[in-house]
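K.L.:
Under full-length UniProt numbering, the residue at position 77 of the sequence shown is numbered 77, and the numbers go up by one with no gaps.
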Amino acid sequence: MGMDNKHTLAVIIGSVREGRFGPVVASWVADQARAHGGFDVNVVDLAQMEIPLALPAASPKFAGENYPRPAGMAALTSALDGADAFVVVTPEYNHSYPASLKAAVDWHFNQWAAKPVAFVSYGGAAGGRHAVLHLENVFAELHAVTIRDGLAFPNYYTAWQDGRPLDPEAPGYAKALLDQLAWWAGALRSAREIAPYPA
Ligand SMILES: Cc1cc2nc3c(=O)[nH]c(=O)nc-3n(C[C@H](O)[C@H](O)[C@H](O)COP(=O)(O)O)c2cc1C
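In structure tokens form, the structure reads like this:
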């Protein structure tokens, strides 16, 4: 939590593809979160981070603070460490989420535990639905709490204009997601302060 009593929110851009659409979605989500008023918002762009596919021998689950991450990953790790809540912005690649996102997830463990994660997805006809279903399974393994209300943007190439969705209901759906995320961020932060989570 920041000095102003707001929850620290990391909005993660999951795609790193050349010409990607992800930053447009993340920027709109970040604006919605700032307008919501409950969050200090930090956009975390995986394309700016060093995220090798080859992991160290040990699991981050057991290595704790001493996990040997590359220097170029430090900004990512510290953003995840400092976050009270996450919004993962993900496209759908072959009925799942991008490898860049899985790699970023797998290099960390405690950073996710006992924290809430919401999803905003986009893609073709399915709007990222398969990607989000897979991510919900992954984050359960990491002891994170996934937020029920998500946003999905099917056929985003016709559904967005000038950096925002054309659907006039979209800001209302975003507010529902952010209200739920803020509630869980507060509840879980209080609980983490009372007793360390036994992950
Ligand atoms: C390798 C690849 C596989 C894709 N597979 C799917 C898919 O299974 N379902 C879907 O709705 N869209 C699919 N798409 C379309 C993407 O969702 C769309 O290109 C989106 O812009 C990708 O996000 P990005 O621009 O942030 O990389 C795929 C795109 C790529 C590059």
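Glycine is no exception: its CB is placed at the ideal position from the N, C-alpha and C atoms.
Computed from a predicted structure; not experimentally measured.
#1: Using DSSP with H/G/I as helix, E/B as strand and the rest coil, what is V119?
#2: Would DSSP call R192 helix, strand or coil?
#3: If you check the beta carbons only, do L142 and A113 fall under 8 Å apart?
#4: Can at least three beta-carbon pairs, one atom from the region 153-170 and one from the region 10-19, be found at a separation below 8 Å?
#5: Measuring alpha carbon to alpha carbon, tell me which residue in V41, A191, P196 and P154 is nearest S121.
#6: Looking at V41 and A30, is the spacing between their C-beta atoms short of 8 Å?
#7: Whose C-alpha, out of V87, V132, A83 and G123, is nearest the C-alpha of Q111?
#8: Would you call R69 buried or exposed, if buried means 16 or more other Cβ atoms sit within 10 Å of its Cβ?
#9: Could you give the C-beta distance for L181 and A118, rounded to a whole number, given that I count them as a contact under 8 Å?
#10: Which complete beta strand (DSSP E) runs does the UniProt domain "NADPH-dependent FMN reductase-like" (9-156) hold, if anything under 3 residues is left out?
#11: Answer yes if the region 92-103 comes into contact with the region 121-139, meaning at least three C-beta pairs across the two stretches below 8 Å, and no otherwise.
#12: Buried or exposed: which applies to E169, given that a residue is buried once 16 or more other Cβ atoms fall within 10 Å of its Cβ?
P.N.:
In this structure, then:
#1: Sequence check: residue 119 is Phe here, not Val. The answer is strand: DSSP assigns F119 an E or B state.
#2: Three-state DSSP puts R192 in a helix.
#3: Cβ atoms of L142 and A113: closer than 8 Å.
#4: No: fewer than three Cβ pairs fall under 8 Å.
#5: Checking every option, the nearest Cα to that of S121 belongs to P154.
#6: Yes, the Cβ-Cβ distance between A30 and V41 is below 8 Å.
#7: For Q111, the nearest C-alpha among the options comes from A83.
#8: Buried, since its Cβ has 16 or more Cβ neighbours within 10 Å.
#9: Their Cβ separation, rounded to whole angstroms, is 5 Å, which keeps L181 and A118 in contact under 8 Å.
#10: 39-45, 85-91, 116-122 and 151-153, all fully within the UniProt domain "NADPH-dependent FMN reductase-like" (9-156).
#11: Judged by Cβ distances under 8 Å, the region 121-139 makes contact with the region 92-103, as three or more pairs qualify.
#12: Exposed is the call here.
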